Structure formats: structure tokens, C-alpha cells
Amino acid sequence: KDLDPNADINIPEGYSLVWNDEFNESAIDLSKWSYELGDGTDYGLPTGWGNNEKQLYTNDAANSAIVADGDHSVLAITALAANGESYSSAKLSTQSLMSMRFGRLEVRAKMPKGQGIWPAIWMLGDNLDQIDWPGCGEIDLCEVLGHQTSVLYTTVHFTNGENKHEEIQNVHDMNVADL
Numbered sequence: 161k162d163l164d165p166n167a168d169i170n171i172p173e174g175y176s177l178v179w180n181d182e183f184n185e186s187a188i189d190l191s192k193w194s195y196e197l198g199d200g201t202d203y204g205l206p207t208g209w210g211n212n213e214k215q216l217y218t219n220d221a222a223n224s225a226i227v228a229d230g231d232h233s234v235l236a237i238t239a240l241a242a243n244g245e246s247y248s249s250a251k252l253s254t255q256s257l258m259s260m261r262f263g264r265l266e267v268r269a270k271m272p273k274g275q276g277i278w279p280a281i282w283m284l285g286d287n288l289d290q291i292d293w294p295g296c297g298e299i300d301l302c303e304v305l306g307h308q309t310s311v312l313y314t315t316v317h318f319t320n321g322e323n324k325h326e327e328i329q330n331v332h333d334m335n336v337a338d339l
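Here the numbering used here is used: position 90 in the sequence shown is 250, and no number is missing along the way.
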């Protein structure tokens, strides 16, 4: 457990803290997070979540759990080889549990590294059930290609005036120790 989970939260002047999770409980707080399970087909997507992902998402503790990391506790998401062709992992979402239109978002995360993985932290518009992607909007806060750990990608996906997918992407050179 964190010694004081809110001790490290610095709230800038003019802002109010409206949502946080310091992962200082023994289990994932299901009032803040929900699991997206399976291969995407239960959500109306092609197998592989629409982008050929090989993993099957589960709510198994082997794939997602709160674990100790020094003096703090963290959410650990682990991909496991299921056989030579597929993997299991976890996909957590705040859909229907938290929404914000304006404000400041701060995330502290350690990203894994290794060939074939693509860890990401991203947000979709809360109108996804009414407007398909990319019309609902997507903000990729952090994407790191496992084989290229010194590069961090941030991207905004949206539809332009012609209702076509468009994106604005920034590439940040990072020191591996910073990730």
C-alpha cells in the first residue's frame, strides 16, 4: 500500500481533483474501471479489435492486478503467451464510469519493452456508442512501441470536414529511464 496515496498529488492552482486512482487497494476498483473482454467481436469489431491484435483480453488476476512496486502499489497489466499463436492480456476502461470535457489529465506509468508489444494509454469520446471511431475522437496520451522504447507517440484522431479520418501526431524522444 502507498504510505499516503494523495501525498504525491500536486493539484495546480485553479484546478480541483475530480477523479483519481492511486491503486492503493488490494484489488482493482470496479467502481472506477471495467474490463473489456475477449477478441473484440462482442463489441462489434472484427477479431483482433479491428487492428489485428493477437491477444485475448481477460479479467484474470494473472493478466491484471495491483502489485507492490517499492513503497507504492501499481496496476500491473501482463501479457502472457497462451500458445505459439495467441496471448492473453487485460484491457481496462473507464467507459460509462468517468467522463471529462475540459481539464488537466495526469498519468504516471511505466511502459514495458520488447518486440511485438505496443503499450498505450488512450481516451475515446464518451459518445462512442452513438458515433463510430474516429468521429467520437481519440486522444493517444502515450504509445510506446516495445522495440523502440526511447520514442513516445501522442496522437489525436478525429474526422475532418469531409468526414474522413485525420490525425495529428507528435513524436517525442525519451530517455529510457524516463519511461
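Glycine included, C-beta positions come from ideal geometry on N, C-alpha and C.
The structure displayed is predicted, hence computed values, not measured ones.
With DSSP run on the structure shown, which of helix, strand or coil describes residue i?
| i | result |
| --- | --- |
| residue 202 | helix |
| residue 190 | coil |
| residue 240 | strand |
| residue 235 | strand |
| residue 211 | coil |
| residue 339 | Legend: pLDDT at residue 339 = 45, less than 50; position of this residue unreliable, value from coordinates given subsequently. Here residue 339 sits in coil by DSSP. |
| residue 184 | coil |
| residue 162 | Interpretation of residue 162 is limited by its pLDDT of 40, a score under 50 that renders its predicted location unreliable; the figure taken from the coordinates is listed afterwards. In the structure shown, residue 162 sits in coil (DSSP, three-state: anything other than H, G, I, E or B). |
Can you tell which of the options has its C-alpha closest to the C-alpha of residue i?
| i | options | result |
| --- | --- | --- |
| residue 275 | 245, 302, 172, 308 | 308 |
| residue 305 | 299, 297, 314 | 314 |
| residue 252 | 246, 290, 238 | 238 |
| residue 186 | 174, 171, 282, 226 | 226 |
| residue 279 | 207, 228, 230, 236 | 236 |
| residue 312 | 247, 291, 272, 230 | 272 |
| residue 202 | 230, 182, 217 | 217 |
| residue 204 | 277, 292, 244, 333 | 292 |
| residue 248 | 221, 270, 232, 179 | 221 |
| residue 316 | 310, 301, 324 | 301 |
| residue 319 | 288, 223, 194, 297 | 297 |
Let's see if you can read the secondary structure: which residues bound the beta strand (DSSP E) around residue i?
| i | result |
| --- | --- |
| residue 224 | 224–229 |
| residue 177 | Residue 177 -> no beta strand (DSSP E), and no H or E assigned at all. |
| residue 216 | 215–217 |
| residue 169 | Premise fails: residue 169 is in no beta strand (DSSP E) and is neither H nor E. |
Just checking residue i against the ligand ATP - is the residue's beta carbon closer than 7 Å to any of the ligand's heavy atoms?
| i | result |
| --- | --- |
| residue 225 | Here there are no bound small molecules, and the ligand ATP is not part of this structure. |
Name the DSSP beta bridge partners of residue i, please?
| i | result |
| --- | --- |
| residue 333 | 311 |
Enumerate, from N- to C-terminal direction, the unbroken beta strand (DSSP E) stretches of 3 or more residues contained entirely within the segment 246–327. 247–249, 280–284, 298–303, 311–319
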